[in-house]
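If you're matching positions, the sequence shown starts at 33 in our numbering and goes up one per residue.
Beta carbons are placed, not taken as given, at the ideal position from N, Cα and C, and that holds for glycine.
Below is one structure, written out as structure tokens; comments come after it.
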Amino acid sequence: MRIDLSRSGGRRRLDLEAGALRPFVLPDDDGVTRVALVPAVAMLLAGDDVRIHVRVGAGCRLRIVEPAGTVAYAMRGGSAARSIVAEVGPDATLVWEAQPLVVADGARVALDAVVDVAAGGRALLREPLLFGRSGEVGGDVVTRCRARVADRPALVEELDLSRPARASPIVLGGRRCMDTMTALGWRLPGTGPSVLQLHGEGSVRRVLAGDLPQSPLPAAFAAASERLLARQIKLQ
33 MRIDLSRSGG RRRLDLEAGA LRPFVLPDDD GVTRVALVPA VAMLLAGDDV
83 RIHVRVGAGC RLRIVEPAGT VAYAMRGGSA ARSIVAEVGP DATLVWEAQP
133 LVVADGARVA LDAVVDVAAG GRALLREPLL FGRSGEVGGD VVTRCRARVA
183 DRPALVEELD LSRPARASPI VLGGRRCMDT MTALGWRLPG TGPSVLQLHG
233 EGSVRRVLAG DLPQSPLPAA FAAASERLLA RQIKLQ
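Below, the structure written as structure tokens:
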């Protein structure tokens, strides 16, 4: 699946290509292009390899909306993968709030993300993971994220979220939910154990909770995205 937003001669151009997810154009919000991602098939199943490529051209603003969450189903010894490549151009903005990925018992999933933000660009991303449906422990996940800002490495992270690893008190400590919000090209406010200020321009805020409703990140993301899309965020 591909989303390519660009600007030429003062006009925006939006190119969309469907895959396992279908992109649908929503009405603009004060000049912000909005695209909804809707699954075209049941996912994630064993053997799935979902690939998403997003490009936001110079000076453009894009908000990606997900109407519903995703379930990674039992895979009977198989596995699935989802990879995201996002490119944010100069003075461009990408806001993407993913809905929860629910990892059912027996699921094995690899989640990869590569984000490249040009000088003056900004990105705000959220990824909530929920391990197990009602009465389940949940399957195994490995997440990898590589991010660059202004051609310099900003974040390289790999997390083993398999069942044995999640039981460790230094990983999830038995909690079901891991909710992550990442800012690139600018910084989230605040300090403390839940906020990591990157060496470059960026921040990661991560919350571990017993269940998704206990996470404060939906409200924090809504406030940050409103300011960012209104261009009230000053680069640091």
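A residue is called buried once 16 or more other Cβ atoms fall within 10 Å of its Cβ, and Leu161 is buried on that count.
In the three-state reduction of the DSSP assignment, Gln229 falls in the strand class. When rounded, the separation of the alpha-carbon atoms in Val70 and Val57 is 11 Å. With contacts defined by Cβ atoms closer than 8 Å, Gly232 and Arg184 form a contacting pair.
In this structure, Arg114 lies near Leu143, with their beta-carbon atoms less than 8 Å apart.
When C-alpha distances from Leu191 are compared across Arg176, Ala199 and Leu204, the shortest belongs to Arg176. The Cβ-Cβ distance between Val181 and Gly234 falls below 8 Å. Sequence-distant partners of Ala199 (beyond 5 residues in either direction) whose C-beta falls short of 7 Å from its own C-beta, in its chain, are Gly206. Residues His85 and Val146 of the same chain have their beta carbon placed closer than 6 Å to that of Val117, with the five preceding and five following residues left out of the count. Here the alpha carbon of Arg83 sits roughly 16 Å from the alpha carbon of Trp128.
DSSP places Glu258 in the helix class (H, G or I) of the three-state scheme. For Leu193, the CB contacts under 6 Å within the same chain, skipping 5 residues up- and downstream, are Val173 in chain order. At the C-beta level, Ala104 and Ala112 come within 8 Å of one another. Between the C-alpha atoms of Val73 and Ala52 there is a straight-line separation of about 6 Å.
Secondary-structure assignment with DSSP links Thr214 through a beta bridge to Leu157 and Val236.
About 13 Å separates the CB atoms of Ala50 and Met75; that is not less than 8 Å, and the two are not in contact. Between the alpha carbons of Leu216 and Ala155 lies a gap of roughly 5 Å. The Cβ atoms of Ala124 and Ala90 sit closer than 8 Å to each other. In this chain, Pro201 is not harboured by any alpha helix (DSSP H), its DSSP state being neither H nor E. The shortest CA-to-CA distance from Arg54 to any of Ala100, Arg219 and Ala251 is the one to Ala100. DSSP, reduced to helix, strand and coil, places Ala252 within a helical segment of the structure shown. Taken atom to atom, the span from the alpha-carbon of Ala139 to that of Ser166 is near 15 Å. In this structure, Leu249 sits away from Val236, with a CB-CB distance that is not shorter than 8 Å. Contact between Ala136 and Gly109 is ruled out by a C-beta separation of about 14 Å, above the 8 Å threshold.
With contacts defined by Cβ atoms closer than 8 Å, Arg93 and Leu261 form a contacting pair.
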